[in-house]
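>
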Amino acid sequence: MSRTPQAPSPKSPPQGARPPGASSGTPDVLVVGGGIIGLVTAWRAAQRGLTTALVDPEPGGGAAQVAAGMLAAVTELHYGEQTLLGLNLASARRYPDFVAELTGATGATGEDLGYRRCGTLAVALDADDRAHLRELHALQQRSGLESEWLSGRECRRLEPMLAPGVRGGLRVDGDHQIDPRRLAGALVTACERARVTFHRTWAERLVVVRDRAAGVVTTDGTELRAGQVVLAAGSLSGRLAGVPEDVLPPVRPVKGQVLRLTVPKRSAPFLSRTVRAVVRGSHVYLVPRESGELVVGATSEELGWDTTVTAGGVYELLRDAHELVPGITELPLTETRAGLRPGSPDNAPLLGPTELPGLLLATGHHRNGVLLTPVTGDVMAHALTTGELPDEARPFTPRRFDAAALTEQPV
Ligand code: GLY
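Under the working numbering, the very last position in the sequence shown is 416; numbers go up by exactly one each time.
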């Protein structure tokens, strides 16, 4: 395959990246999975001068078609996830440049991608929610994050559609949003312009030659060879046949049901920023887009490969969202959908080389796939060109789940 690299001065592939004697028609990299993580990996790899192919029946599909697109490193902080916080913040910091580069590469604008630096308001509806939010605020402060405690009245001054019963909240101006569907579309275009080859079919089995990943066989029996293979198939990443048991990523599907409502064009702005809360222990968020779309999410259900939208899921989301913002019941309900987050044992992604030479992972992003897209692209391009993980990604090596590494963990 002859192509002109977009990026200047490509680095040499890592030693041993290509099996000796690989034909010149064999791409340097084959990415398995065309969701936003696979696409950003392919785009960044191609920019580094690596000939790149991607296999997916529907590039740009997957969980990004369902996700709300909150870039919520601060308001989605959880106890025990401080290491992940570092990666989340690193990715959040890269977002403005990433969007600028992506829009430059595709001719879109930041507005076309639904990128809004609008901030987030996390609110409490009762004394228990308030105590929970106070704890979150304390954790944010201990972690050096910017967030401001507001009274209920101050919250309603910012967002007049909030319920009168709101007892207080946290204003986080640094938590933004992007429209994941548009992000996915732009990444497909960016990949096409960077001359990534798309194979619109399913990868069925990994090909291993002399103890090295060498490509995949697709469902129609075609063998696609490559110097390195990146498994970036979201919640399906643990299901590719032929991957040795000890390097199979421990990812599982975590179902999220999400609703889309529409704020009529002529009405007053409904919400000016993302509003979220924990209601009776469940997270609910409302993400308002410039287009008038209002995304309400999300359930979190451990039900395997089930993507059924249930009456119970829709009811609970609407009930909780209505408690926060009673006016939502007036809006047309335009879409209900369920997607599968790729959950990992520690809620953090698996990035970089595995114990099987030639096989890398970019999966397990769980609740943070959209947020982590920019940093994942950079990390994977570094790993593909050097064979190493950059410092900020070392804690996310897939090797942390190897049996030996797990037995070495201090108790
Ligand atoms: N990050 C939002 C969600 O996973 O529902």
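All C-beta atoms, glycine included, are put in the ideal place defined by N, C-alpha and C. Treat the numbers as computed from the prediction; the structure is a model and nothing was measured.
Taking the Cβ atom as the reference point for each residue, do arginine 281 and histidine 288 lie within a distance shorter than 8 Å?
Yes; because the gap between Cβ atoms is below 8 Å, this pair is in contact.
> Threonine 108 CB to nearest chain C CB: under 8 Å?
In the displayed structure, chain C is absent; only one protein chain is listed.
> Mapping the DSSP letters down to three states, classify methionine 166 as helix, strand or coil.
Looking at methionine 166 - three-state DSSP - the assignment turns out to be coil, as it is neither helix nor strand.
> Give a yes or no on contact between the region 370 to 390 and the region 73 to 86, applying the rule of three or more CB pairs nearer than 8 Å.
As far as the Cβ criterion goes, the region 370 to 390 touches the region 73 to 86, which means the pair count is three or higher.
> Restricting to Cα atoms, I'd like to know which of Pro362, Val235, Thr304, Leu266 is closest to isoleucine 333.
Ranking Pro362, Val235, Thr304, Leu266 by Cα distance to isoleucine 333 puts Leu266 first.
> Tell me whether the beta-carbon of arginine 172 lies closer than 8 Å to the beta-carbon of aspartate 225.
No, they are not a contact pair.
> Quick one: is glutamate 2 buried, meaning 16 or more other Cβ sit within 10 Å of its Cβ, or exposed?
Nothing can be reported for residue 2, as the shown portion of the chain is limited to 6 through 416.
> Tell me where the alpha helix (DSSP H) around glutamate 393 begins and ends.
Run containing glutamate 393: none; DSSP gives neither H nor E here.
> What do you get for threonine 31, buried or exposed, if any count of 16 or more other CB atoms within 10 angstroms of its CB means buried?
The residue is buried, with at least 16 neighbouring Cβ atoms inside 10 Å.
> Does glutamate 81 come out as helix, strand or coil in the three-state DSSP assignment?
Here glutamate 81 sits in coil by DSSP.
> Which of the three DSSP states is assigned to alanine 403 in this structure?
Before going further, note that residue 403 is proline rather than alanine in the sequence given. Helix at proline 403.
> Starting from glycine 286, trace the alpha helix (DSSP H) both ways and give me its first and last residue.
Unbroken run through glycine 286: none, as it is neither H nor E.
> With a floor of 4 residues, list each alpha helix (DSSP H) that falls wholly inside the region 136 to 214, ordered by position along the chain.
157 to 163, 185 to 198, all fully within the region 136 to 214.
> Any chance the CB of lysine 73 is under 7 Å from a heavy atom of ligand 1?
Looking at the sequence provided, one finds alanine at residue 73 rather than lysine. Under cutoff, so the answer is yes.
> Label serine 96 either buried or exposed according to how many other C-beta atoms from any shown protein chain fall within 10 Å of its C-beta, with 16 as the threshold for buried.
Buried is the call here.
> Alpha carbon to alpha carbon, how far is glycine 190 from glycine 91?
Cα-Cα distance, rounded: 28 Å.
> So glycine 124 packs on valine 177, CB below 8 Å; how close in whole Å?
With a Cβ gap of about 6 Å, glycine 124 and valine 177 count as contacting.
> Going by the C-beta, is glycine 286 closer than 7 Å to any heavy atom of ligand 1?
Outside the cutoff, so no.
> Mind checking whether the beta-carbon of alanine 303 lies closer than 7 Å to any heavy atom of ligand 1?
At least one heavy atom of ligand 1 is nearer than 7 Å to the Cβ of alanine 303, so yes.
> Pick from Ala105, Pro269, Tyr320: whose alpha carbon is nearest that of leucine 299?
Taking only the C-alpha atoms, the option nearest leucine 299 is Pro269.
> Taking only runs that begin and end inside the region 81 to 141, name each unbroken alpha helix (DSSP H) of 4 or more residues, in chain order.
For the region 81 to 141, whole alpha helix (DSSP H) runs of length 4 or above, ordered along the chain, are 87 to 111.
> Should glutamate 81 be counted as a contact of ligand 1 given a C-beta to heavy atom distance under 7 Å?
For ligand 1, at least one heavy atom lies less than 7 Å from the Cβ of glutamate 81.
> With three or more C-beta pairs closer than 8 Å as the rule, is the region 334 to 348 touching the region 306 to 321?
Counting Cβ pairs under 8 Å, three or more are found: they touch.
> Compare the beta carbon distance of valine 60 and valine 37 with 8 Å and say whether it is the shorter of the two.
Contact: yes.
> Is it the case that the region 190 to 203 contacts the region 50 to 64, given that we only count it when at least three CB pairs across the two stretches are under 8 Å?
Touching, yes, given that three or more Cβ pairs across the two stretches are closer than 8 Å.
> When the Cα of alanine 237 is compared with those of Gly66, Ala410, Gly54, Arg53, which residue comes out closest?
Comparing Cα-Cα distances from alanine 237 to each of Gly66, Ala410, Gly54, Arg53, the minimum goes to Gly66.
> Leucine 324 to glycine 54, Cα distance in whole Å?
Before going on, a small fix: residue 324 reads as arginine here, not leucine. Roughly 51 Å separates the two Cα atoms.
> Just to check, is the beta-carbon of arginine 372 closer than 7 Å to a non-hydrogen atom of ligand 1?
At least one heavy atom of ligand 1 is nearer than 7 Å to the Cβ of arginine 372, so yes.
> Kindly give me the distance between the Cβ atoms of arginine 122 and histidine 83, rounded to whole angstroms, as I take these residues to be in contact under 8 Å.
Not confirmed; about 23 Å, so no contact.
> Confirm, please, whether the CB-CB distance from proline 258 to serine 240 is below 8 Å.
Against a cut-off of 8 Å, the Cβ pair of proline 258 and serine 240 comes out as a contact.
> If you run the structure through DSSP and keep just helix, strand and coil, what is alanine 408?
Residue state, collapsed to three classes: helix.
> How big is the Cα-Cα spacing for arginine 23 and glycine 232?
The predicted position of arginine 23 is uncertain, since its pLDDT is 48 and thus under 50; no value can be drawn from it.
> For glycine 363, which three-state DSSP category applies?
Glycine 363: coil per DSSP, three-state reduction.
> If I'm right that valine 252 touches methionine 385 with Cβ under 8 Å, what's the distance once you round it to whole angstroms?
17 Å between Cβ atoms; not a contact.
> According to DSSP, what are the bridge partners of glutamine 52?
Answer is none; glutamine 52 lacks a bridge partner.
> Going by other Cβ atoms of all chains shown within 10 Å of its Cβ, with 16 needed for buried, is arginine 294 buried or exposed?
That one is buried.
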